[in-house]
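Novice:
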Amino acid sequence: MDFSLEPEQEEFRKIVRAFAEEVVAPRAEAMDRAEELDEDVLDQMAGMGLFGLPFPERYGGMGADYLTLCLAVEELARVDSSVAITLEAAVSLGAMPIYRFGSERQRERWLPPLARGERLGAFGLTEAGGGSDAGALRTRARLEGDEWVIDGGKAFITNAGLARSGLVTLAAVTGERADGRAEVSNVVVPAGTPGYRVGRRYSKVGWHASDTRELIFEGCRVPAENLLGEQGAGLANFLRTLEEGRVAIAALGTGLCQGCVDECVKYARERHAFGQPIAMFQAVAFKIADMELRAHTARLAWQQAAVKLMGGGPFGKEAAIAKLYASEAAVTCAREAVQVHGGYGYINEFPVARFYRDAKILEIGEGTSEVQRMLIARELGLR
Ligand SMILES: Cc1cc2nc3c(=O)[nH]c(=O)nc-3n(C[C@H](O)[C@H](O)[C@H](O)COP(=O)(O)OP(=O)(O)OC[C@H]3O[C@@H](n4cnc5c(N)ncnc54)[C@H](O)[C@@H]3O)c2cc1C
0 MDFSLEPEQE
10 EFRKIVRAFA
20 EEVVAPRAEA
30 MDRAEELDED
40 VLDQMAGMGL
50 FGLPFPERYG
60 GMGADYLTLC
70 LAVEELARVD
80 SSVAITLEAA
90 VSLGAMPIYR
100 FGSERQRERW
110 LPPLARGERL
120 GAFGLTEAGG
130 GSDAGALRTR
140 ARLEGDEWVI
150 DGGKAFITNA
160 GLARSGLVTL
170 AAVTGERADG
180 RAEVSNVVVP
190 AGTPGYRVGR
200 RYSKVGWHAS
210 DTRELIFEGC
220 RVPAENLLGE
230 QGAGLANFLR
240 TLEEGRVAIA
250 ALGTGLCQGC
260 VDECVKYARE
270 RHAFGQPIAM
280 FQAVAFKIAD
290 MELRAHTARL
300 AWQQAAVKLM
310 GGGPFGKEAA
320 IAKLYASEAA
330 VTCAREAVQV
340 HGGYGYINEF
350 PVARFYRDAK
360 ILEIGEGTSE
370 VQRMLIAREL
380 GLR
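With numbering that gives the first Met the number 0 applied, the sequence shown covers 0 to 382.
If you want it as structure tokens, here you go:
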């Protein structure tokens with residue numbers, strides 16, 4: 000058993016860390032305030048090949064692996080969760096279904112611009128009526144001649160409203176199964192298709208610079224060949240996509256925990272009270288030690304889940320454990336980091352204030368903490 004990264008993975012981590020510290024961190028507060036990512040940041044990420052990390056070179060990717068993608072997500076989240084989630088959602092939710100479930104023709108057509116970061120993909124599962132209950136979809140796609148006609152709507156969709164948004168992959172009801180339940184399939188809808196409208200940006204508690212929108216489909220027509228994967232396999236394929244995505248979300252939570260450590264170590268050495276740096280108070284130092292403990296444990300959890308995922312066997316329990324642990328750890332670390340900063344922790348120009356707002360969604364997106372506990376309990380044969 001060896002817990003160390005390969006030398007090239009270590010090297011890559013350093014490159015992304017330098018980019019995060021030198022390019023992203025100085026702009027993070029302004030992007031948060033503007034509620035928008037700088038196009039230039041996305042261009043630089045694209046130039047580094049981040050959007051194509053786990054995809055083969057023949058599709059415009061970097062030919063690396065899922066663990067390497069998660070390393071990038073962790074390093075970016077250390078300074079800015081909005082940038083990290085933009086990458087995570089574009090790759091593991093937006094492009095991955097096309098890579099995993101698409102035909103060779105579909106991969107050749109849609110993957111290269113996504114892998115090169117010229118376009119970003121979005122993942123359209125959640126609807127206003129329910130996210131955890133993914134089977135209760137209302138959006139319908141019916142085959143009319145050689146076209147799918149889509150009617151319905153999606154809620155809380157990441158990366159669909161950016162200048163470079165290229166497509167959304169939808170889960171839609173396409174019929175009824177023999178057992179009377181809805182047949183769900185995945186259909187690719189390119190940006191700009193008539194009948195597909197992107198609603199306004201939500202005003203969110205955190206992840207301000209990440210794009211989250213409602214999507215509306217009214218008589219939206221796409222060619223029959225835009226069906227992704229087998230007809231009727233749409234729910235299973237999307238749930239598998241989410242399972243994989245949880246590993247990357249756990250890496251994102253780990254990065255946020257580590258960012259809290261970084262900021263608190265700096266601040267606790269500089270800030271004086273009662274004639275000494277606050278780091279000298281055990282009550283403060285122990286809070287920071289506990290943050291490091293959480294970051295370290297969360298990292299072990301996501302890395303183990305990533306190794307299992309890449310090994311090709313079942314990894315659902317490990318992914319749920321990593322996502323649940325890292326997201327709850329991130330919320331706790333962010334709360335404690337604000338506490339270590341006192342009043343300044345409540346002022347938006349301090350990174351920990353942003354971390355505090357950004358952390359909470361990790362317990363909700365890509366399966367709530369309750370859903371993760373349900374999945375773990377099910378693995379234990381309890382349900
Ligand atoms: C910023 C942001 C970005 C997002 N990006 C995307 C995206 O790109 N694509 C996408 O498809 N979705 C996206 N989502 C949606 C997200 O995945 C859902 O919000 C999430 O899955 C929860 O669904 P819900 O909001 O409908 O909550 P609900 O499912 O209504 O849950 C409400 C509460 O009930 C609990 N609950 C529900 N069912 C059970 C149960 N059986 N047992 C116990 N407790 C239960 C939940 O845990 C939760 O506490 C995003 C959401 C946000 C806020």
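For every residue, glycine included, the Cβ atom is placed at its ideal position computed from N, Cα and C.
Say yes only if the C-beta of Ile215 is nearer than 7 Å to one or more non-hydrogen atoms of ligand 1, and no if none qualify.
Specialist: To locate residue 215, count along the sequence shown from 1; it is residue 216. Ile215: no, Cβ never under 7 Å from ligand 1.
Novice: Are at least three pairs of beta-carbons, each pair with one atom in the segment 254-270 and one in the segment 293-306, less than 8 Å apart?
Specialist: Yes, the segment 254-270 touches the segment 293-306.
Novice: Between the Cα of Gly46 and those of Lys316, Gly205, Arg99, Leu113, spot the shortest distance and give me the residue it belongs to.
Specialist: Within the sequence shown, residue 46 is the residue found at index 47, counting from 1. Closest by alpha carbon: Leu113.
Novice: Between the C-alpha atoms of Leu36 and Phe155, what's the straight-line distance to the nearest angstrom?
Specialist: Within the sequence shown, numbered from 1, the residue matching residue 36 stands at position 37. Within the sequence shown, numbered from 1, the residue matching residue 155 stands at position 156. The straight-line gap from Cα to Cα measures roughly 18 Å.
Novice: What whole-angstrom Cβ distance do Leu68 and Val90 have, given they're in contact under 8 Å?
Specialist: As a working mapping, residue 68 is identified with position 69 in the sequence shown. As a working mapping, residue 90 is identified with position 91 in the sequence shown. Yes, they are in contact, since the Cβ atoms of Leu68 and Val90 sit about 6 Å apart, within 8 Å.
Novice: Could you check which residue in Gly191, Ala208, Gln302 has the C-alpha nearest to that of Ile84?
Specialist: The residue you call residue 84 lines up with position 85 of the sequence shown. Closest by alpha carbon: Ala208.
Novice: Mind pulling the beta strand (DSSP E) runs of 3 or more residues that sit fully within the segment 64-125?
Specialist: You should have 119-123.
Novice: For Leu92, verify whether its CB is less than 7 Å away from any heavy atom of ligand 1.
Specialist: Walking along the sequence shown from the start, residue 92 turns up at place 93. Leu92: yes, Cβ under 7 Å from ligand 1.
Novice: Which residues in the same chain as Gly233 place their Cβ atom closer than 6 Å to its Cβ, once the five residues preceding and following it in sequence are excluded?
Specialist: As a working mapping, residue 233 is identified with position 234 in the sequence shown. Ala170, Val183, Ser184, Asn185, listed in sequence order.
Novice: Between which two residues does the alpha helix (DSSP H) holding Glu38 run?
Specialist: Within the sequence shown, numbered from 1, the residue matching residue 38 stands at position 39. Its alpha helix (DSSP H) spans residues 38-46.
Novice: Under 8 Å, with one C-beta from each stretch per pair, do the segment 222-236 and the segment 100-108 reach the 3-pair mark?
Specialist: The segment 222-236 is in contact with the segment 100-108.
Novice: Let me confirm a value: Pro350 is counted as buried when at least 16 other C-beta atoms fall within 10 Å, else exposed. Which label applies?
Specialist: Here residue 350 corresponds to residue number 351 of the sequence shown, with the count starting at 1. Buried is the call here.
Novice: With DSSP as the reference, label Pro193 as helix, strand or coil.
Specialist: Translated into the one-based positions of the sequence shown, residue 193 becomes position 194. Coil.
Novice: Measure from the alpha carbon of Arg334 to the alpha carbon of each residue in Gln43, Arg353, Ile320, then state which is nearest.
Specialist: Position 335 of the sequence shown, counting from 1, holds the residue named residue 334. For the residues Gln43, Arg353, Ile320, the minimum Cα distance to Arg334 belongs to Arg353.
Novice: Which full runs of the beta strand (DSSP E) of 3+ residues lie inside the segment 198-253, going along the chain?
Specialist: Listed in chain order, they are 211-222.
Novice: Please report the straight-line C-alpha distance between Ala63 and Gln302, rounded to a whole angstrom.
Specialist: In the sequence shown, counting from the first residue as 1, residue 63 sits at position 64. In the sequence shown, counting from the first residue as 1, residue 302 sits at position 303. Distance between the alpha carbons of Ala63 and Gln302: 15 Å.
Novice: Contact check, Asp79 vs Ala121 under 8 Å by CB: the rounded distance?
Specialist: Taking the sequence shown and counting its residues from 1, one reaches residue 79 at position 80. Taking the sequence shown and counting its residues from 1, one reaches residue 121 at position 122. 20 Å between Cβ atoms; not a contact.
Novice: Quick one: any contact between the segment 352-366 and the segment 268-287, if contact means 3 or more CB pairs under 8 Å?
Specialist: Output reads no: the segment 268-287 does not touch the segment 352-366.
Novice: To the nearest angstrom, how far is it from the Cα of Arg115 to the Cα of Arg137?
Specialist: Working through the sequence shown from its first residue, we reach residue 115 at position 116. Working through the sequence shown from its first residue, we reach residue 137 at position 138. Near 33 Å, if we compare the C-alpha coordinates of Arg137 and Arg115.
Novice: Would you report the Cα separation of Tyr345 and Phe237, rounded to the nearest angstrom?
Specialist: By 1-based counting over the sequence shown, the position of residue 345 is 346. By 1-based counting over the sequence shown, the position of residue 237 is 238. Those two C-alpha atoms are separated by around 38 Å.
Novice: Within 7 Å: the Cβ of Lys322 and any heavy atom of ligand 1?
Specialist: Translated into positions along the sequence shown, residue 322 becomes position 323. Outside the cutoff, so no.
Novice: With H, G and I counted as helix, E and B as strand and the rest as coil, what does DSSP make of Leu166?
Specialist: For the purposes of this step, residue 166 is identified with residue 167 of the sequence shown, where counting begins at 1. DSSP places Leu166 in strand when its eight states are reduced to three.
Novice: Taking only the alpha-carbon atoms, compute the straight-line gap between Arg141 and Tyr343 and give it to the nearest angstrom.
Specialist: Position 142 of the sequence shown, counting from 1, holds the residue named residue 141. Position 344 of the sequence shown, counting from 1, holds the residue named residue 343. Cα-Cα distance, rounded: 55 Å.
Novice: Rounding to the nearest angstrom, what Cα-Cα distance links Met373 and Ala76 in this structure?
Specialist: Position 374 of the sequence shown, counted from the first residue, corresponds to residue 373. Position 77 of the sequence shown, counted from the first residue, corresponds to residue 76. Between Met373 and Ala76, the C-alpha separation is close to 27 Å.
Novice: For Glu385 versus Ala318, is the C-beta distance shorter than 8 Å?
Specialist: Any property of residue 385 remains undetermined from this structure, which presents the chain solely from 0 to 382.
Novice: In three-state DSSP terms, what is Pro25?
Specialist: Walking along the sequence shown from the start, residue 25 turns up at place 26. Here Pro25 sits in helix by DSSP.
Novice: Examine ligand 1 and report whether any of its heavy atoms sits within less than 7 Å of the Cβ of Lys203.
Specialist: If you number the sequence shown from 1, residue 203 lands on position 204. Yes, Cβ of Lys203 sits closer than 7 Å to a heavy atom of ligand 1.
Novice: Any heavy atom of ligand 1 closer than 7 Å to the beta-carbon of Thr367?
Specialist: Translated into the one-based positions of the sequence shown, residue 367 becomes position 368. Answer for Thr367: yes, Cβ within range of ligand 1.
Novice: Could you tell me the boundaries of the alpha helix (DSSP H) in which Phe18 lies?
Specialist: Locating residue 18 in the sequence shown gives position 19, counting from the first residue. Element bounds for Phe18: 6-18.
Novice: What is the C-beta distance between Gly194 and Glu213, in whole angstroms, given that I count them as a contact (C-beta under 8 Å)?
Specialist: Looking up residue 194 in the sequence shown gives position 195. Looking up residue 213 in the sequence shown gives position 214. With 8 Å as the limit, Gly194 and Glu213 do not qualify as a contact, their Cβ atoms being about 15 Å apart.
Novice: Per DSSP, what are the beta-bridge partners of Pro276 in this structure?
Specialist: Sequence index remark: in the sequence shown, residue 276 carries index 277 (1-based). In the DSSP output, where bridge partners are listed per residue, Pro276 has His271.
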